[in-house]
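Undergrad: I have a structure here, written as structure tokens, and I will follow up with some questions on it.
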Amino acid sequence: MRFRRGACSAGEGVAVKNFRVIYLMPRAETMSAIADREAPGYFRHETLLAANDSKSIITDIRDRGGVPLQIKAVGARPDWLNTMSRSAKLQLLQAINYNVRGGMSPARALEMVIEGETGEQRRKLNPALTILRTGGTFSEAVRTLGFFDSSTIAILEAGERTGRMRDSLNAAASHYEKTSNSLKAMFGAVSWTLLDIAFAVTSIIGLRFSLLPTLANGSFQSEDPKATEEFQRLVQQAYLVNDVLIGGTVVLLALVITAVYGYVANVPEIRRLADAAMARVPSLGTALRNSAMATSFTVAASMLRGGVPFMPAAATAATGTEHQEVREFWQNAVTRVETGDTVPRSLNSPLLNASEATLIASHNTQRELGEVLDRIAERRDAIADAASKRFALWMFIASLIYSGIAVMFTLYVVYVQNKMMMDRAAG
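Position one of the sequence shown corresponds to residue 755 (our numbering), numbered consecutively onward.
Structure follows, in structure tokens:
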């Protein structure tokens, strides 16, 4: 279903809404259309459409010889809920790629994929359809969805600029698949870490609200007032230690939840702060840096092997990473080539070790450079994986120490109580 150009333009400041529409047409406009039993010669269509208001939908249907039956506004969902699974996003890229291979333009390929969707999936994709039908480019439509990371968007934009969309779509799909696997490993390490923290916090809460009150309100009384006062002082110190640990945990969890929200809802300010904080954490910072290098090197390698010149490939790799050091690595390479340096010299950086620099210096063709970058990316990916596992191990040890502080302090209070009771019995 097509609207007149400009009818849904977001640039005019008019809010675009989603509508569930049922209408009849003398021809089948979509694969899901069915012949209507009550209106011979007409086909019943049911779909989700984006428009400024219901009147524009009615006008468009009637102008094309159709009959609107039902138009119902669909409530907007929060941005953080309006997302797709990573497998669905990968399938979207692959479907666009197949259509482009068949001879379609990227914009028409995306439009056809969206038109073939129904239900909730269609609602999520409608913003891109609106952009396409109001004169926007393929890259603008994909960026509007907010589904893909900056690296994937950068690959697609470079392909659109250089006219190599087939190669770019292949590179984007393979990059997104690899990134998904890396994220699974990273989130696995973080999940185990959070589980360790949860167990530690549970034990501390048990001490704070179960054992310590029992000790504080117990029947122990010493004939020596000083001994009783000393015991109560130790109990209060144990309370303080547990309260400090619980308070620290609440603050840590609040920061983690905020960081997770920043990533899920794609809030740039929160993501920058979270990335900067995580980069300073031992092992985790190493994992993030090497993972960013592996991702950006894979992007550059895919584009170089696809025939994209070094300058736009390096610029795309710089645009497609959020890691500051890695972004500066590619930006410096572009600047040095522009000032007359060779490609191997432009890539010489403290981020690379001696063997990697030697590999880069040994290439003879652009395709060979792509293969070299792929090898470096594989090695950096392995380093990132090892660092993330090391981070999970250190966090497990830290959680043991964390809960151990409260446990040992409480056990010391119990020890003092038992010692006093034994001394009283012996006396």
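In this text, a Cβ means the ideal position worked out from N, Cα and C, and glycines have one as well.
Please read these numbers as outputs of a predicted model, since none were measured by experiment.
Taking the beta strand (DSSP E) that residue 773 belongs to, which residues open and close that run?
TA: Numbered from 1 along the sequence shown, position 19 holds the residue referred to as residue 773. Per DSSP, residue 773 belongs to the beta strand (DSSP E) from 771 to 779.
Undergrad: If I measure Cβ to Cβ from residue 1103 and keep anything under 6 Å in the same chain, skipping five residues before and after, which residues do I get?
TA: For the purposes of this step, residue 1103 is taken as the residue at position 349 of the sequence shown. So the qualifying residues of the chain are 1083.
Undergrad: Based on the DSSP secondary-structure assignment, which residues constitute the bridge partners of residue 797?
TA: Reading the sequence shown from its first residue, position 43 is the one you call residue 797. 779, 789, per the DSSP bridge assignment.
Undergrad: Run through the region 1076 to 1106 for me and flag every whole beta strand (DSSP E) of 3 or more residues, listed as ranges in chain order.
TA: Counting whole runs of 3 or more residues, the region 1076 to 1106 contains no beta strand (DSSP E) stretch at all.
Undergrad: What span of residues does the beta strand (DSSP E) with residue 1053 cover, start to end?
TA: Your numbering for residue 1053 matches position 299 in the sequence shown. Segment 1038 to 1059 is the alpha helix (DSSP H) holding residue 1053; no beta strand (DSSP E) there.
Undergrad: Helix, strand or coil: how does DSSP classify residue 834 here?
TA: Taking the sequence shown and counting its residues from 1, the one referred to as residue 834 is at position 80. Low per-residue confidence applies at residue 834: pLDDT is 46, beneath 50, and the placement is therefore not dependable, though the value from the model is reported in the following sentence. Three-state result, residue 834: coil.
Undergrad: With DSSP collapsed to three states, give me the class of residue 1014.
TA: The residue you call residue 1014 lines up with position 260 of the sequence shown. Reduced to three states, the DSSP call for residue 1014 is helix.
Undergrad: Could you give the DSSP three-state label for residue 822: helix, strand or coil?
TA: The count along the sequence shown starts at 1 and reaches residue 822 at position 68. Note: residue 822 maps to strand in three-state DSSP.
Undergrad: Report the residue from 1148, 1033, 985 whose alpha carbon sits nearest the alpha carbon of residue 971.
TA: For the purposes of this step, residue 971 is taken as the residue at position 217 of the sequence shown. Closest by alpha carbon: 985.
Undergrad: On the three-state DSSP scale, how would you describe residue 1035?
TA: Here residue 1035 corresponds to residue number 281 of the sequence shown, with the count starting at 1. Residue state, collapsed to three classes: coil.
Undergrad: Starting from residue 853, follow the alpha helix (DSSP H) in both directions and report where the run begins and ends.
TA: Position 99 of the sequence shown, counted from the first residue, corresponds to residue 853. Element bounds for residue 853: 840 to 855.
Undergrad: So residue 844 and residue 777 are supposed to be a Cβ contact under 8 Å. How far apart are they, rounded?
TA: As a working mapping, residue 844 is identified with position 90 in the sequence shown. As a working mapping, residue 777 is identified with position 23 in the sequence shown. In fact, because the Cβ distance is near 33 Å, the residues do not count as touching under 8 Å.
Undergrad: Could you give the residue range of the alpha helix (DSSP H) that holds residue 866?
TA: The residue you call residue 866 lines up with position 112 of the sequence shown. First-last of the alpha helix (DSSP H) with residue 866: 860 to 869.
Undergrad: Quick check: the Cα distance between residue 834 and residue 1134, rounded to an integer number of angstroms?
TA: Within the sequence shown, numbered from 1, the residue matching residue 834 stands at position 80. Within the sequence shown, numbered from 1, the residue matching residue 1134 stands at position 380. Low confidence applies here, because residue 834 scores a pLDDT of 46, under 50, leaving its location unreliable and the question unanswered by this model.
Undergrad: Less than 8 Å between C-beta atoms, sequence neighbours within five positions excluded: which residues of the same chain meet that for residue 964?
TA: To locate residue 964, count along the sequence shown from 1; it is residue 210. For residue 964, where only same-chain residues beyond five positions count, there are no Cβ hits under 8 Å.
Undergrad: State the start and end residues of the unbroken alpha helix (DSSP H) segment that holds residue 814.
TA: On the sequence shown, position 60 is the one that residue 814 refers to. First-last of the alpha helix (DSSP H) with residue 814: 808 to 817.
Undergrad: Can you tell me whether DSSP reads residue 1021 as helix, strand or coil?
TA: Sequence index remark: in the sequence shown, residue 1021 carries index 267 (1-based). If DSSP states are grouped into helix, strand and coil, residue 1021 belongs with coil.
Undergrad: Is the separation between the beta-carbon of residue 895 and that of residue 867 shorter than 8 Å?
TA: One-based indexing of the sequence shown puts residue 895 at position 141. One-based indexing of the sequence shown puts residue 867 at position 113. Not a contact, by the Cβ cut-off of 8 Å.
Undergrad: Who does residue 803 pair with in a DSSP beta bridge?
TA: Stepping through the sequence shown from its first residue, residue 803 is reached at position 49. Bridge partners of residue 803: 773.
Undergrad: For the region 914 to 931 against the region 1034 to 1042, do three or more pairs of beta-carbon atoms, one drawn from each stretch, fall closer than 8 Å, so that the two count as touching?
TA: Too few Cβ pairs lie closer than 8 Å, so no.
Undergrad: Can you name, in chain order, every residue of its own chain whose Cβ lies under 6 Å from the Cβ of residue 1166, other than the five neighbours on each side?
TA: Stepping through the sequence shown from its first residue, residue 1166 is reached at position 412. Excluding positions up to five away in sequence, the list is empty.
Undergrad: Let me check understanding here. Comparing Cα to Cα, which of 1164, 1162, 1157 lies closest to residue 951?
TA: Here the question's residue 951 lines up with position 197 in the sequence shown. Closest by alpha carbon: 1157.
Undergrad: In angstroms, rounded to a whole number, what distance separates the CA positions of residue 1128 and residue 785?
TA: Taking the first residue of the sequence shown as 1, we reach residue 1128 at position 374. Taking the first residue of the sequence shown as 1, we reach residue 785 at position 31. Computed Cα separation, rounded: 41 Å.
Undergrad: Which first and last residues belong to the alpha helix (DSSP H) in which residue 897 is found?
TA: Numbered from its first residue, the sequence shown carries residue 897 at position 143. Unbroken alpha helix (DSSP H) run through residue 897: 892 to 899.
Undergrad: Here's a check: name, in chain order, each residue in its chain whose Cβ is nearer than 8 Å to the Cβ of residue 838, leaving out the five neighbours to either side.
TA: Taking the first residue of the sequence shown as position 1, residue 838 is located at position 84. Once the five neighbours on either side are set aside, the close Cβ partners of residue 838 are 846, 875, 878, 901.
Undergrad: Where does residue 1062 fall in DSSP's three states?
TA: Translated into the one-based positions of the sequence shown, residue 1062 becomes position 308. Residue state, collapsed to three classes: coil.
Undergrad: In terms of alpha-carbon separation, which member of 886, 1011, 988, 1075 lies closest to residue 909?
TA: The residue you call residue 909 lines up with position 155 of the sequence shown. When only C-alpha atoms are compared, the closest one is 1075.
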